[in-house]
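Protein chains in written order, with the working numbering: chain P, 4 to 225; chain Z, 4 to 225. Even for Gly, the Cβ is constructed at its ideal location relative to N, Cα and C. Remarks on the structure that follows.
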DNA sequence: TAAATATTTTAGGCAAATCTAAATTATTTA
DNA sequence: TAAATAATTTAGATTTGCCTAAAATATTTA
């Protein structure tokens, strides 16, 4: 079941992401996410149900079937690989790539995406730190914690960010922090909950609690 | 007028290419090119006419307006830049890239295509030797001749190929001839019209008339 | 040039994806 | 638990893009 329209794929992806955030997803949730109306969602739920990508009983809710999840992971894989391409090869900022990747993710060629993956060096995480599913849909999850929860003296690498705003990107660019940057907690100030951190040997400075809350770190390899 | 659907863009592109081959284009020509029916073409001609990309009077023919031509050149530019990307960066053979580029050419981002152009080194010709329009729609045309018409002793660079078949690609790959390869005519054999040519200092061999007819060369820089 | 043929257009219909308004079912609250 | 409210679904329309069959126009040929 791979003959899905772009619109059908967008519904599947939306349901997948909503399911990740909260395992019970409503018609209204999907309508809100896709800027459409509940009635349109119901129409599509019926279509996706006949196409076997959904478990759906009217008035009683719905969720992706195994096949639906497989499809969703394929789309997510393409989306994140293209985002990686746009940031790494075409010098886009991470806040600029989402809309473009939304289009590129619907390009159908299977071999294209495998070659792109190789060309990019088989990255495991996209520019926001989100995991890129492999061609079998397997996701590499990292045991990551919020930077504010890291003990003093420990070092870990930035593995994800809590927002994709231009404002955050600007701040991180200025402080030379990116996915993969190693950070050591040097001191915690209880007055304003700011943190003194060290990134590279000579880079030591203070960051606000707001910024620390937006950073997630891991000790695993990226 | 840039809010065009993929389908509308495909019609514009088809009309553009048909116009290049023969300045008078018929409803049936377009239908044949797009694997559709004449009645469907008429429907679309009316739509494109109201969108100002066509000059159309019913029963009396049609052609692209200046705006339509501008749109067509934008699509051709995207198509050929993506083909270049697929061949140069992702190691596709030139006979494999057309279908994928047909999808990629409809990605809308303007800045994407400008960055891709820079990333690829602002190529002027695609992997088949077809010119890539610049962002203003300007095409760099080459004074090129068929290889069989090049005089003995002269050298010129391969600038285009007459077919995009897998068979031709296979032969050229084997003989290490590509777009840009310099060729010198060493001898012409009238018995079978074969040509002895030299590509690089130590590469001298004979090619058939069939192959020579499929190669176009230029003395200009590529 | 009139008839035959070919081309193009119109008429009417269908499927996908969307909408609004109304009806149905589920959930909350008094 | 019954009424009020919220969520979901149905009914009926709209637009895009396509189709077939029939009508209108253009072109060719006898």
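Quick check on the burial criterion: 16 or more other C-beta atoms within 10 angstroms. Buried or exposed for residue i?
| i | result |
| --- | --- |
| residue 155 of chain P | exposed |
| residue 95 of chain P | buried |
| residue 24 of chain Z | exposed |
| residue 87 of chain P | buried |
| residue 217 of chain P | buried |
| residue 234 of chain P | Here chain P comprises residues numbered 4 to 225, so residue 234 of chain P is not present and cannot be evaluated. |
| residue 42 of chain Z | exposed |
| residue 114 of chain P | exposed |
| residue 215 of chain Z | buried |
| residue 177 of chain Z | exposed |
| residue 62 of chain P | exposed |
Got a sec? Which residues, its chain only, sit under 8 Å from residue i by beta carbon, not counting five neighbours each side?
| i | result |
| --- | --- |
| residue 127 of chain Z | 134, 135, 143, 225 |
| residue 15 of chain Z | 7, 51, 56, 67, 71, 74, 75, 78 |
| residue 21 of chain Z | 28, 32, 33, 36 |
| residue 195 of chain Z | 211, 212 |
| residue 17 of chain Z | 33, 36, 37 |
| residue 168 of chain P | 98 |
| residue 53 of chain P | none |
| residue 193 of chain P | none |
Residue i: which of the options sits nearest, CA to CA?
| i | options | result |
| --- | --- | --- |
| residue 64 of chain Z | Z:114, Z:55, Z:31 | Z:31 |
| residue 109 of chain P | P:152, P:91, P:77, P:208 | P:77 |
| residue 9 of chain P | Z:16, Z:27, Z:190, Z:106 | Z:106 |
| residue 139 of chain P | P:195, P:79, P:104, P:58 | P:79 |
| residue 125 of chain P | P:151, P:91, P:103, P:102 | P:91 |
| residue 181 of chain Z | Z:20, Z:219, Z:44, Z:81 | Z:219 |
| residue 223 of chain P | P:215, P:164, P:209, P:148 | P:148 |
| residue 44 of chain Z | Z:33, Z:28, Z:152 | Z:33 |
| residue 146 of chain Z | Z:131, Z:163, Z:137 | Z:163 |
| residue 121 of chain P | Z:40, Z:93, Z:17, Z:192 | Z:93 |
| residue 185 of chain P | P:131, P:39, P:204, P:165 | P:204 |
| residue 166 of chain P | P:192, P:131, P:193, P:197 | P:131 |
| residue 5 of chain Z | Z:111, Z:19, Z:192 | Z:111 |
Thinking residue i and residue j are a contact (beta carbons under 8 Å), I'd like their distance in whole angstroms, please.
| i | j | result |
| --- | --- | --- |
| residue 158 of chain Z | residue 179 of chain Z | 16 Å between Cβ atoms; not a contact. |
| residue 37 of chain Z | residue 13 of chain Z | 7 Å |
| residue 189 of chain P | residue 207 of chain P | 7 Å |
| residue 119 of chain Z | residue 104 of chain Z | No, residue 119 of chain Z and residue 104 of chain Z are not in contact; Cβ-Cβ is about 12 Å, not under 8 Å. |
| residue 152 of chain P | residue 83 of chain P | Incorrect: roughly 26 Å between the Cβ atoms, too far for contact. |
| residue 81 of chain P | residue 116 of chain P | 6 Å |
For residue i, which residues of its own chain have a beta-carbon under 7 Å away from its beta-carbon, when the five flanking residues on both sides are left out?
| i | result |
| --- | --- |
| residue 2 of chain Z | With chain Z covering 4 to 225 only, the question about residue 2 of chain Z has no answer from this structure. |
| residue 172 of chain Z | 96, 97, 98 |
| residue 123 of chain P | 84, 87, 88, 91 |
| residue 58 of chain Z | 65, 66, 68 |
| residue 174 of chain P | 214 |
| residue 197 of chain P | 209, 210, 211, 212 |
| residue 40 of chain Z | 34 |
Leaving out the 5 sequence neighbours to the left and right, which residues in its chain are closer than 6 Å to residue i when beta-carbon positions are compared?
| i | result |
| --- | --- |
| residue 199 of chain P | 189, 190, 209 |
| residue 150 of chain P | 215, 218, 220 |
| residue 187 of chain P | 158, 201 |
Is it the case that the CB of residue i approaches a heavy atom of the ligand FMN more closely than 8 Å?
| i | result |
| --- | --- |
| residue 95 of chain P | The ligand FMN is not among the ligands present in this structure, which contains no ligands whatsoever. |
| task | Quick one: which residues of the stretch 108-125 of chain P get their C-beta closer than 7 Å to a C-beta of chain Z? List them in chain order. | result | Correct list: 110, 111, 112, 115, 118, 119, 122.
| query | Of all the residues that make up the stretch 80-107 of chain P, which are near chain Z by a beta-carbon distance shorter than 9 Å? | reply | Residues passing the 9 Å Cβ filter: 89, 92, 93, 94, 95, 99, 102, 103, 106, 107.
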